[in-house]
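Heads up: the protein sequence lines correspond to chains A and B, in order. For what it's worth, the numbering used here labels the leading residue of the first sequence as 1, then goes sequentially. For what it's worth, the numbering used here labels the leading residue of the second sequence as 1001, then goes sequentially. C-beta: ideal position from N, C-alpha, C; glycine also.
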Amino acid sequence: MTSHQAPDLSSYSSLGEALRAALEKWQEHPCLIEADRDRENCRLSYSDFNGAGQTIASFLQSPDFAEADRTAIIMSNQSKWLIAAYAVFYSGGVLVPIDFKLTAAEHLALLAHAEVRSLIVEFPIWRALTQSPEFSGLSGVQVLVTEAPKNADLKGARRWEEGGSNAPPRFVPRQRADLACIVYSSGTGGRPKGCMLTHGNYLEQCQSLMSWYPFWPGVRYLSILPTNHAIDFMVGFIGPFVCGATVVHLRTLRPEYLKEAFPRFKITYASVVPMVLKAIEAGLRTRFNELPPFRRWVLNRLIAINRWLTRREPRPDLSRRLFPQIHQAFGGELRALITGGAFAEPATLQFFYDLGIPVATGYGLTEAGTAVTLNDLKPFRADTVGKPLPGVELRILDANAEGIGQVAVRGPTVMQGYLNDPEQTAEVLVDGWLLTGDLGRLDSSGHLLLSGRLKNMIVTEGGKNIYPEDIEAAFAGLAVKEFCVFAVNYVWKQRSLAGEQLMIVLRLDPGAEMTGGLMDDLRSRNRLLADFKRLSGYVLWEDDFPRTASMKIKRNALAEQIAARLARETALMEL
Amino acid sequence: MSTPNQTLLQLIDLAASHFNVAAADLNPDDDFFKKLKINSLQALDLLTKLESHFNVELPDYELQGVTDFRTLADRIQARL
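Below you can see the structure in the form of structure tokens.
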């Protein structure tokens, strides 16, 4: 796609070492720009970033600090996230990136599970944590709060601006096999799955991603995903930094400011979840539909010409000449949009590609680092999630006649296991292979085509993985005999990853009927869940649930019974 | 300055007109994501309209965890 070369990370033993070298190498290059709406909050060179990181490292390295101590970050998308993360790696610590959108109770549960020694958190989140009924202090945890108003009571926490009062920090070396991050892939409402990822996992992932999508000084990456998201962590932090590129944080997702950010900052790459991609597509289609008939006809002809001319690989300069207005609206420098974390419709991907804006779509899961496969654009394929990245091996297990089976992954980016959970680890790491729980097939050119899920979970349009077991706690005590939450497609199998939904199966007490009171209770509990975790419907089931000897629900068996006896169209009721 | 109740009613009217539904069908405690059948991006779009109407700036995080009209109205009222 370009002649720019990937960085050579083979000599580095840790993320801290690779980042430190980058900060020294690119000192005066622009490193971070943070914007909020049409305002620019800050602009940092690599040298400025280094100074800020040292201050926070000084805070982390308190007198009783030990290497491998864990630090959680709970922040939205902003520059301080990256500064804090660098401070953790510089100090030889382990980073625990936590989704800022979770509830206070979920945050507290994960902080406890990860046994963090430090927490760096935005003020509104810290306020919510301390006001939560579940909060009973964070014993032994030092807390640094960003954006705290002047007179706010921080409940013993320290302000970001105060930084550290400890001695100048020292760089603490780590090895490739050492733990770098604990990233929670699920379990916020039940049994946490903290994926243990090493420095080696990340360095290998970065090396292979950059070999296909290189960054270089002058590249401007627009970061709108939170950096706890695996994609943004890699292509909005580690990748651009080791290449001397610039990361632009936009602290709002408002469509009008997002639209302005592309030309204003001359963006080269941006990562977006499919929901945002579709919103941009809808905006463009509206504009196209408003064109007079002749101009619309011309546009359609140009699209057809561009598609033919770029059938083997993208030709950005040519596409920019064919669609100057569209590319100027994106700043004229955009080389690709990156998407993942959820299902992206092929028609949407093709729409952008036909305008000369390739969408790098892929497939990944936290357990395997960031990405497992990626579209290499040689040629562009809207119907697949790309080919395995360099170093990644894929196998399709128990394939059926059509070649569809469970996707298994092996390679240097696969996690070490789940924190403190050998049982769940053993279920997914088998003979060196990671069992993904996703169904797919490899075509003759080595592209992966996903076709559904073996596991009981959904991925939302916003890129959130939701496991039904995590939702069930919210419905404990419901006035029914028993209940169980499922991904709808897990019960009624569908060859689609679009529009996935959750449902609750209710076994009412004998002789009972669905009442308004029960419905109100269901709805009000549902509303307490984060919006992306909500149930869409319910199913009434008339038999006792099949259970194991230890009285656990046999989910598989129950799902099979429901699918065999009830039709989705009539049994699934809207909630 | 609007009273809390006026803010709530105006909010409901604005949401109804923006998403083309009848205001009478919307209740203060309704989950606006479900009732209006909108996603989080569309909710942010509504926030922009509300800012313009009430002449306040509502950071995105004000919508974090807010799903019903009443709570959203409270957040707006606090900034009036």
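Have a look at residue i and residue j and give me their C-alpha separation to the nearest angstrom.
i       : j       : result
V505/A  : L575/A  : 12 Å
T361/A  : I231/A  : 11 Å
N576/A  : G369/A  : Absent from the model: residue 576/A. The displayed extent of chain A is 1 to 575, so no value can be given.
L1009/B : Y490/A  : 41 Å
F380/A  : H107/A  : 40 Å
I74/A   : L1014/B : 33 Å
E256/A  : N1027/B : 29 Å
D398/A  : V407/A  : 9 Å
L337/A  : F352/A  : 9 Å
D443/A  : R410/A  : 19 Å
A567/A  : I83/A   : 52 Å
I120/A  : A152/A  : 16 Å
D1030/B : G499/A  : 23 Å
L15/A   : M514/A  : 55 Å
Q325/A  : R335/A  : 15 Å
D520/A  : N1005/B : 24 Å
M1/A    : E461/A  : For M1/A, the predicted structure reports a pLDDT of 46, less than 50, and the residue's modelled location is therefore unreliable. A value from the coordinates is still provided. Rounded to whole angstroms, M1/A to E461/A spans 28 Å at the Cα level.
In this structure, does DSSP put residue i in helix, strand or coil?
i       : result
E67/A   : coil
M1/A    : Residue placement at M1/A is poorly supported in this model, since its pLDDT is 46, which falls under 50; the coordinates still yield a value, given next. The answer is coil: DSSP assigns M1/A none of H, G, I, E or B.
M514/A  : coil
E461/A  : coil
R159/A  : strand
W492/A  : coil
W603/A  : With chain A covering 1 to 575 only, the question about residue 603/A has no answer from this structure.
A474/A  : helix
I504/A  : strand
T246/A  : strand
G440/A  : strand
Q207/A  : helix
V1021/B : coil
P263/A  : helix
W583/A  : Any question about residue 583/A goes unanswered here, given that chain A covers just 1 to 575.
K25/A   : helix
I'd like to know whether the C-beta of residue i is nearer than 8 Å to at least one C-beta of chain A.
i       : result
S1040/B : yes
F1033/B : yes
T1067/B : yes
Q1064/B : yes
L1044/B : yes
T1003/B : no
D1081/B : Residue 1081/B lies beyond the stretch modelled for chain B, which goes from 1001 to 1080, so this question has no answer here.
T1007/B : no
T1071/B : no
Tell me which residues share the same chain as residue i and place their Cβ nearer than 8 Å to its Cβ, disregarding the 5 neighbours each side in the sequence.
i       : result
D1025/B : A1016 and K1035
L1058/B : L1047, L1050, E1051, R1075, I1076 and R1079
V141/A  : L111, V116, R117, S118 and L119
S139/A  : none
What does a CB cutoff of less than 7 Å around residue i pick up in its chain, not counting 5 residues either side in sequence?
i      : result
G417/A : M196, T425 and L429
W160/A : K80, L144, V145 and T146
L9/A   : A18, L203, C206, Q207 and V242
K278/A : T348
Leaving out five residues before and five after residue i in sequence, what residues of the same chain have Cβ atoms less than 6 Å from its Cβ?
i      : result
A128/A : A104
A35/A  : L250
I33/A  : R43 and V248
G477/A : none
A557/A : P546
Can you confirm whether residue i, when its beta carbon is compared against all beta carbons of chain B, has any partner nearer than 8 Å?
i      : result
E500/A : no
M275/A : yes
D531/A : yes
E256/A : yes
L250/A : no
K150/A : no
R170/A : no
K576/A : Here chain A covers residues 1 to 575 and nothing more, so residue 576/A does not appear.
S10/A  : no
K101/A : yes
P124/A : yes
Can you confirm whether the segment 271 to 285 of chain A touches the segment 328 to 344 of chain A when touching is taken to mean that 3 or more C-beta pairs between the two stretches lie within less than 8 Å?
With the cut-off at 8 Å, the segment 328 to 344 of chain A and the segment 271 to 285 of chain A touch.
Okay, do the segment 1044 to 1063 of chain B and the segment 506 to 516 of chain A touch, 3+ Cβ pairs below 8 Å being the bar?
The segment 1044 to 1063 of chain B, when compared against the segment 506 to 516 of chain A, does not touch it at the 8 Å Cβ threshold.
Under 8 Å, with one C-beta from each stretch per pair, do the segment 194 to 209 of chain A and the segment 311 to 318 of chain A reach the 3-pair mark?
The segment 194 to 209 of chain A vs the segment 311 to 318 of chain A: no contact.
Check whether the segment 109 to 116 of chain A and the segment 75 to 89 of chain A are in contact - that is, three or more C-beta pairs closer than 8 Å.
They do not touch, by the three-pair rule.
Inspect the CB distances between the segment 527 to 543 of chain A and the segment 469 to 483 of chain A and report whether three or more fall short of 8 Å.
In this structure the segment 527 to 543 of chain A lies against the segment 469 to 483 of chain A, because at least three pairs of beta carbons, one per stretch, are closer than 8 Å.
Is it true that the segment 261 to 281 of chain A meets the segment 205 to 223 of chain A, where meeting means three or more beta-carbon pairs spaced less than 8 Å apart?
Contact between the segment 261 to 281 of chain A and the segment 205 to 223 of chain A is present, with at least three C-beta pairs closer than 8 Å.
Count Cβ pairs between the segment 466 to 475 of chain A and the segment 526 to 534 of chain A that sit closer than 8 Å; are there 3 or more?
In this structure the segment 466 to 475 of chain A touches the segment 526 to 534 of chain A; the number of beta carbon pairs closer than 8 Å is three or more.
Inter-stretch contact (C-beta, 8 Å, three-pair minimum) for the segment 386 to 397 of chain A and the segment 166 to 182 of chain A
Touching, no, given that fewer than three Cβ pairs across the two stretches are closer than 8 Å.
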